[in-house]
Amino acid sequence: MNLIMASFNLIYTIPTIILILILILIIVGVYFYYRRTLPDLSKKDKIILSTLRLFVLVVIVLSTGELAIETIAKKFDEPVTALLIDNSKSVSSEQNLIREKLDKIIRQIKNSNQKIEIFVFNESPRLLHLDSLNQINFNGHSTNISKSINEILKNKNDKNYQNVILITDGIYNSGENPVYLTEKSEIPFFIFGVGDPKPKIDISIDEIITNDLIYAQNQTPVRVNIKSNGFENQFTTISFFEDNKLIEKRDFQIHGNYQELEFFYKPEKEGEKKLSFSISPFKNEYTTKNNFSTRYVKVLSNKIRTLIIAGKPSYDLSFINQAIKTNKDLQTATLIEKNDGSFYPLFGNESFIDSADVIFLVGFPSTNNSDRFIRKVYSKIERDNIPLFILINPDTDFNRLVLFKQFLPFDWRSAFGTASQILIDVPEEKSKNEILNIGSNNPVQVWNSFPPIYRVDREFLSKPESEILSYFKIGNSRINQPLIVSRNLNRHRSIAFLGFNIWRLKLLNAMNEEESIYFERFINNSIKWLTTREVEKNLKVQVSKKIFDINEKVSLIAQFYDNSNQPVEDEQINLEIFQGKDKITSTIFKPIGNGLYTAEIENLQQGDYSFQATTEFSGKKFSDNGRFSVTETETEFRDLQLREDLLKRMSAITKGSYFHISNSDEFINNLNQYLTKKPKQREVTSIIYIWNSPYTLILIILFLSIEWFLRKRWGLL
């Protein structure tokens, strides 16, 4: 990096003409002050004292004008090549080949006189020094390619990244699809594929699909997605466990590479339950570490009372009402107010408001609604902290909606039209969200294949504490505004669907019974998420996830608040880990500020564990507990096939190149011809604030002290 000073400027807040007049007055004043002295001093001594006094007064005046010096320099950044290396377990079988090619790649980049930065990544990227390549252990528990690319994009302008070399199998099991980020990169990606593009002979449990919240004494479907290759028409056995107790054992025949088995689970009691599935292994499987999978669910006891309030009758209202009625664990009622303040007789009366556990607002409040009724709905939400699902349509009166603003996950600006036809655009990383997970093998494809719906022409903004679950597209262009957005703040939950005619989602494949119920699943998922009540505890402890690999650290985070909901810092919070009734280990949470504490546990063996966190504060005891499991089920072994299609697309989008790492010697030998090597010029601006610098005060005191000392020494009055 070369830095060349270009210019500097003085910055001050006092108008220039006034500043000049003040400086002239200071110069004249100091001149007359030291023009005659007693005793009379030499001209040289008068100049010294005048200079000291003049400097102090000028600095004081400029400081009151908030003087600062701005420097502008030209910076020439050398080109940098970023080398991203997949450090996950899924590439561990090829680690010798990766190390061999890695040495050649680094040597070629060095020969091109280009800087190189090496990142290893699994769940997140880590910068690695050239002397530390032996730290690459290919032992990561998950793969997040997009997070590594995002790290490059975030620092692209400061570091002048000109090329990205990526070594991976393309099997990402965390984060979003990396293709989306490469489209924004404007940097060529040279990608080396690792692994076998042909599927391994293997069978695995890919995913367990069920609701996170279910109800005691009610049957709930649990779907198990199974991937297999090489065992067509063979028979095997799958076992279903609740908290390690066998519920069902079933023989099934393998058909195709993907199949789904459906089980029905009827929990006896409420509480947190661990559901596990295990497939009997075949002798010639590539690995048996992916034959087992676990999921935790929360079992609730009572039925939920749902109230739909609409501005007027609509297809959306009717379809939402029917979707709720398909769930026998829900009770539903509907309120639609007429212009005269009465209610449509086929629906109900205002008394339903008092018993509601969750409220749907469909085009409400509207111009038809009375202020009295709107105020009553608002009072119920405010008093009982009722969760909300709101659907915005042309009947919604935004002037009246302002009353509910504190409960909503979005904000809005002025309208710019009436309504537009749009397409749903769910990011891949959001498709497994418990609200959007509608039970498909590929939920993002289902969501983004739904028929067009409509949206009010108004700019909607997600509030900072909200989570955007879906954007929307006009044509093929994503609009970065929320369509589906949720919020969980201060123990209040809300979901907003900022579109209407959502009944059209039922039309994706109305003749297919499985696909025709996606709409019902979305509505029911929303209700279950909204009605998840958070226990109002002063001390709350959560594990980072429920299932850990046997080699992973178990991470926990605690939040501690006093009775006025203020964070409590620097308290000792004890953590104990149990397996059954046996205490395994204990530690103390480490405070990280703002009422947050963290703890990590290592070297736990396979099994089910519980934890107990305790502390004392102001003479009272506080505690929290929970469960987690440690297994040998490897996320990295759920998918074993090199994603060449993905990697080729990434390289093509960025005008780079793709090679399988085993056939890459010729490309590596000529790598210097492919790398971009343009130095980048940019301006670097820095501001030195003179007026509030401690050195300015020191200089003022120093010069005044010297002046005082000289005056005393020379005997001035």
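Adding 9 to a residue's 1-based position in the sequence shown gives its number in the working numbering.
Quick reminder that beta carbons are idealized off the backbone N, C-alpha and C, glycines included.
My assumption, with CB atoms under 8 Å, is that phenylalanine 398 sits in contact with isoleucine 433. Please give the rounded CB distance.
17 Å between Cβ atoms; not a contact.
Under three-state DSSP, which class holds alanine 661?
helix
Integer-rounded CB distance, given that glycine 320 should sit under 8 Å from glycine 372:
4 Å
Measure how close the beta-carbons of proline 374 and leucine 539 come, nearest whole angstrom, since I'm counting them as under 8 Å.
So it is not a contact: roughly 20 Å between Cβ atoms.
Could you tell me the distance, in whole angstroms, from the CA atom of leucine 656 to the CA atom of asparagine 182?
15 Å
So which of Lys52, Asn153, Phe273 has the shortest CA-CA distance to glutamate 438?
Asn153
Nearest residue (CA-CA) to asparagine 148, options Ser327, Gln226, Glu561, Pro290:
Glu561
For lysine 113, tell me which candidate among Trp700, Ile670, Leu708 has the shortest Cα-Cα distance.
Ile670
For aspartate 167, count the other beta carbons within 10 Å of its own beta carbon; 16 or more makes it buried, fewer makes it exposed. Which is it?
exposed
Buried versus exposed call for aspartate 252 [16 or more other C-beta atoms within 10 Å across all chains shown]:
exposed
Go to tyrosine 480, then tell me how far its beta strand (DSSP E) extends in each direction, as first and last residue.
475-483
Could you tell me the boundaries of the beta strand (DSSP E) in which tryptophan 421 lies?
419-434
Nonlocal neighbours in the same chain, by C-beta distance under 8 Å from asparagine 534, ignoring five residues either side:
Asn220, Glu443, Ile444, Leu445, Asn446, Ile447
Name the two residues that bound the continuous beta strand (DSSP E) containing threonine 596.
591-597
What does DSSP give as the partner residue(s) for histidine 138 in the beta ladder?
Paired residue(s): none; histidine 138 is not in a bridge.
Which residues in the same chain as isoleucine 345 place their Cβ atom closer than 7 Å to its Cβ, once the five residues preceding and following it in sequence are excluded?
Ala319, Lys321, Pro322, Phe352, Tyr353, Phe356
By DSSP, does leucine 706 sit in helix, in strand, or in coil?
helix
Would the beta-carbon of alanine 608 fall within 9 Å of that of serine 564?
yes
Measure the Cβ-Cβ separation of isoleucine 662 and threonine 177 and say whether it is below 9 Å.
no
Specify, as a first and last residue, the run of the alpha helix (DSSP H) that leucine 727 falls within.
Lying before the first or after the last residue shown, residue 727 is absent from the chain, which here runs from 10 to 726.
Is the distance from the Cβ of threonine 376 to the Cβ of aspartate 349 below 9 Å?
no
Could you give the DSSP three-state label for glycine 602: helix, strand or coil?
strand
Is the Cβ-Cβ distance between isoleucine 158 and serine 194 less than 9 Å?
yes
Isoleucine 212 beta carbon less than 9 Å from that of threonine 246:
no
The beta strand (DSSP E) enclosing serine 51, as first and last residue numbers
Careful: serine 51 lies outside any beta strand (DSSP E) and carries neither H nor E.
Euclidean distance between Cα positions of threonine 644 and threonine 90:
30 Å
Are the beta-carbon atoms of isoleucine 174 and phenylalanine 201 separated by less than 9 Å?
yes
Quick check on the DSSP output: the beta strand (DSSP E) that includes tyrosine 618 runs from which residue to which?
616-626
Return the chain-ordered list of same chain residues with a C-beta closer than 7 Å to the C-beta of isoleucine 383, the five sequence neighbours on each side being excluded.
Pro374, Arg409, Leu412
As assigned by DSSP and simplified to three states, the class of alanine 332
helix
Using 10 angstroms around the beta-carbon of alanine 424, count the other beta-carbons present and answer buried if the total reaches 16, otherwise exposed.
exposed
Taking only the alpha-carbon atoms, compute the straight-line gap between proline 134 and leucine 711 and give it to the nearest angstrom.
51 Å
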